[in-house]
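To start, the structure itself, in structure tokens.
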Amino acid sequence: MEEFYPGDKVEFVDDNTRGVVAAIVDKNLLMVTLENGLTIPVIKTQVIKITGTATKPQSLEEKYEVIEKKQDTSDVNQAEAVKLAFLPDETNRQYSLFLINNTGDGLFFTLYQSSDAGLKLTAKGELNAGGFVLLVTFKKVSANKLPDFTLCLLRYKFHVTELIKPVIFTLKPTEEGLSRKKEYVREIGKEASVVYIIKNEVKFSDSKLELPEKRTKERIQVEKPPDVVDLHIEKICEDYQKMTRAQIFEYQYNYFINALEKAHAFKYRRIIFIHGIGVSSLKSRITDYLKKQDYVKAFRDADVFTYGYGATEVEFK
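Under numbering that gives the first Met the number 0, the first residue of the sequence shown carries the number 0, and numbering increases by one thereafter.
Structure representation (structure tokens):
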């Protein structure tokens with residue numbers, strides 16, 4: 000599988016949609032910022048790399064707004080959290096698939112439909128708290144078979160210091176399952192067959208929809224960054240020997256942005272970056288970036304006796 004790094008330009012394999020890798024979620028999933036500014040989760044095999052020009056990742060200040068007390072969502076009624084609704088249209092012999100978000104969190108989503116050629120991107124976007132969206136309208140792919148779908152969800156919060164791992168699972172609806180007991184769905188004002196997603200066990204209104212075991216909502220503690228960050232590649236990346244000079248430069252630059260925005264989110268007063276004085280333009284690129292940030296009060300060469308000649312001190316407002 001092709002390796003990706005933050006800043007890589009990519010293109011979807013089944014259309015001409017382009018974007019930039021904003022983050023590596025895990026070995027199978029990327030966060031990609033599209034040309035319209037929307038950031039969505041994407042399975043790695045659904046994009047190809049164009050080039051390696053860096054871009055500013057999604058703001059960590061937005062992701063990790065720090066508060067003194069973390070929110071506890073353990074008592075949330077997960078059966079009412081996030082769900083899919085299959086609405087039948089008997090007249091046209093088709094189904095409409097809705098994604099419904101009854102949580103207080105935002106969702107990034109992508110939906111893929113299986114075909115003989117592989118997975119085809121069908122829908123992508125962002126769903127605000129309390130919202131719902133029509134993902135796709137579909138018919139049978141053969142006499143007795145409905146299409147299979149793969150859904151990727153990344154749930155995010157604005158006021159906690161931890162992330163929730165993405166959910167990826169495959170939907171294999173059957174006509175028998177979709178024709179069984181339905182329930183009234185308030186958001187669309189009709190009865191539909193429902194799949195509950197953000198829940199310890201998936202419920203499908205007593206139907207026979209097949210769902211493989213989904214990934215758990217394991218939480219990842221977001222660690223505070225150090226107040227001195229050494230950007231030398233051997234200090235921040237174990238497998239740098241496999242990278243080109245350009246990839247190393249982009250990795251260092253994006254690592255700098257990540258650490259800077261984390262430090263600001265955690266309300267640091269200042270942070271030191273050790274970047275060296277080599278022939279690369281890393282210091283120049285860092286300086287250009289700092290000039291554009293409203294939350295940066297000042298930046299200067301760090302104390303030469305402590306950090307040498309290749310370090311920059313950043314002071315926050």
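Ideal placement from N, C-alpha and C gives every residue a C-beta, glycine not left out.
Indicate whether F315 and R244 have their beta-carbon atoms separated by less than 9 Å. Against the sequence shown, residue 315 aligns to sequence position 316. Against the sequence shown, residue 244 aligns to sequence position 245. Not closer than 9 Å, so no.
Please list the terminal residues of the continuous alpha helix (DSSP H) segment that includes A262. Here residue 262 corresponds to residue number 263 of the sequence shown, with the count starting at 1. Looking at the DSSP string, the run of the alpha helix (DSSP H) that includes A262 is 244–264.
Helix, strand or coil at R269 [DSSP, three-state]: Counting from 1 along the sequence shown, the entry for residue 269 is found at position 270. Correct three-state label for R269: strand.
G275 by DSSP, collapsed to three states: which one? Here residue 275 refers to the residue found at position 276 when the sequence shown is read from its first residue. Coil, per DSSP.
Should P225 be labelled buried (16 or more other beta-carbon atoms within 10 Å of its own) or exposed? Against the sequence shown, residue 225 aligns to sequence position 226. That one is exposed.
R17, DSSP secondary structure in three states: The sequence position of residue 17 within the sequence shown is 18, counting from 1. Here R17 sits in strand by DSSP.
Give the secondary structure of G105 by DSSP, where H, G and I count as helix, E and B as strand, and everything else as coil. One-based indexing of the sequence shown puts residue 105 at position 106. It is a strand residue.
Identify, in the order they occur along the chain, each residue of the same chain with its Cβ nearer than 6 Å to the Cβ of I186, setting aside the five sequence neighbours on each side. The residue you call residue 186 lines up with position 187 of the sequence shown. The sequence given here has Glu at residue 186, not Ile. Hits under 6 Å: I99, F131.
Per DSSP, A22 forms a beta bridge with which residues? Here residue 22 refers to the residue found at position 23 of the sequence shown. Beta-bridge pairing links A22 to M30.
Three-state secondary structure (DSSP) of D229: Along the sequence shown, read from residue 1 onward, the residue named residue 229 stands at position 230. Note: D229 maps to strand in three-state DSSP.
Could you give the distance in angstroms between the alpha-carbon of D104 and the alpha-carbon of T38? One-based indexing of the sequence shown puts residue 104 at position 105. One-based indexing of the sequence shown puts residue 38 at position 39. Going from the Cα of D104 to the Cα of T38 covers about 16 Å.
Within 10 angstroms of its Cβ, does G188 collect 16 or more other Cβ (buried), or is it exposed? As a first step, residue 188 must be located in the sequence shown, where it is residue number 189. So G188 counts as exposed.
What's the gap between the Cα of L133 and the Cα of F11? Taking the first residue of the sequence shown as 1, we reach residue 133 at position 134. Taking the first residue of the sequence shown as 1, we reach residue 11 at position 12. Computed Cα separation, rounded: 22 Å.
On the three-state DSSP scale, how would you describe Q70? The residue you call residue 70 lines up with position 71 of the sequence shown. Residue placement at Q70 cannot be trusted, given a pLDDT of 33 that sits under 50; the coordinates are not used to answer.
Under three-state DSSP, which class holds F11? Sequence index remark: in the sequence shown, residue 11 carries index 12 (1-based). If DSSP states are grouped into helix, strand and coil, F11 belongs with the strands.
Would you kindly report the start and end of the unbroken beta strand (DSSP E) that includes K291? If you number the sequence shown from 1, residue 291 lands on position 292. Looking at the DSSP string, K291 is not in any beta strand (DSSP E), and its letter there is neither H nor E.
Could you work out which residue in F304, G307, E260, I270 is closest to F298 when comparing CA atoms only? Looking up residue 298 in the sequence shown gives position 299. Out of F304, G307, E260, I270, I270 has the C-alpha closest to the C-alpha of F298.
Whether T149 touches L118 by CB criterion (9 Å): Taking the first residue of the sequence shown as 1, we reach residue 149 at position 150. Taking the first residue of the sequence shown as 1, we reach residue 118 at position 119. Contact flag set, yes.
Quick one: give me the first and last residue of the alpha helix (DSSP H) that L305 is part of. The residue labelled residue 305 in the question sits at position 306 within the sequence shown. It should be pointed out that residue 305 corresponds to Thr in this sequence rather than to Leu. Its alpha helix (DSSP H) spans residues 303–306.
Which one of T305, F248, H263 has the shortest CA to CA distance from K322? Residue 322 lies beyond the range of the chain shown here (0 to 316); nothing can be said about it.
Since L134 is in the beta strand (DSSP E), which residue starts that stretch and which ends it? Translated into positions along the sequence shown, residue 134 becomes position 135. Segment 131–137, the beta strand (DSSP E) holding L134.
Could you check whether C151 and P40 sit closer than 9 Å to each other, using their CB atoms as the reference points? Sequence index remark: in the sequence shown, residue 40 carries index 41 (1-based). Sequence index remark: in the sequence shown, residue 151 carries index 152 (1-based). For P40 and C151, yes; Cβs fall inside 9 Å.
My assumption, with CB atoms under 8 Å, is that C236 sits in contact with Y252. Please give the rounded CB distance. If you number the sequence shown from 1, residue 236 lands on position 237. If you number the sequence shown from 1, residue 252 lands on position 253. About 13 Å separates the two Cβ atoms, so there is no contact after all.
So K338 packs on Y195, CB below 8 Å; how close in whole Å? Lying outside 0 to 316, the shown extent of the chain, residue 338 is not represented and no answer is given.
Tell me the rounded alpha-carbon separation between Y94 and T16. As a working note, residue 94 is residue 95 in the sequence shown. As a working note, residue 16 is residue 17 in the sequence shown. Taking the straight line from one Cα to the other gives about 26 Å.
Helix, strand or coil: which one does DSSP assign to S113? Numbered from 1 along the sequence shown, position 114 holds the residue referred to as residue 113. Three-state DSSP puts S113 in a strand.
Where the alpha helix (DSSP H) containing E175 begins and where it ends: Residue numbering aside, residue 175 sits at position 176 when the sequence shown is read from its first letter. Counted as a single uninterrupted DSSP element, the alpha helix (DSSP H) harbouring E175 occupies residues 174–178.
Thinking C-alpha only, which one of F272, Y294, Y288 is nearest V317? Lying outside 0 to 316, the shown extent of the chain, residue 317 is not represented and no answer is given.
For a test of the three-state rule: what should DSSP assign to I187, helix, strand or coil? In the sequence shown, counting from the first residue as 1, residue 187 sits at position 188. In the structure shown, I187 sits in coil (DSSP, three-state: anything other than H, G, I, E or B).
For L145 and S113, what's the separation of their Cα atoms in angstroms? Here residue 145 refers to the residue found at position 146 when the sequence shown is read from its first residue. Here residue 113 refers to the residue found at position 114 when the sequence shown is read from its first residue. Straight-line Cα distance between these residues: approximately 10 Å.
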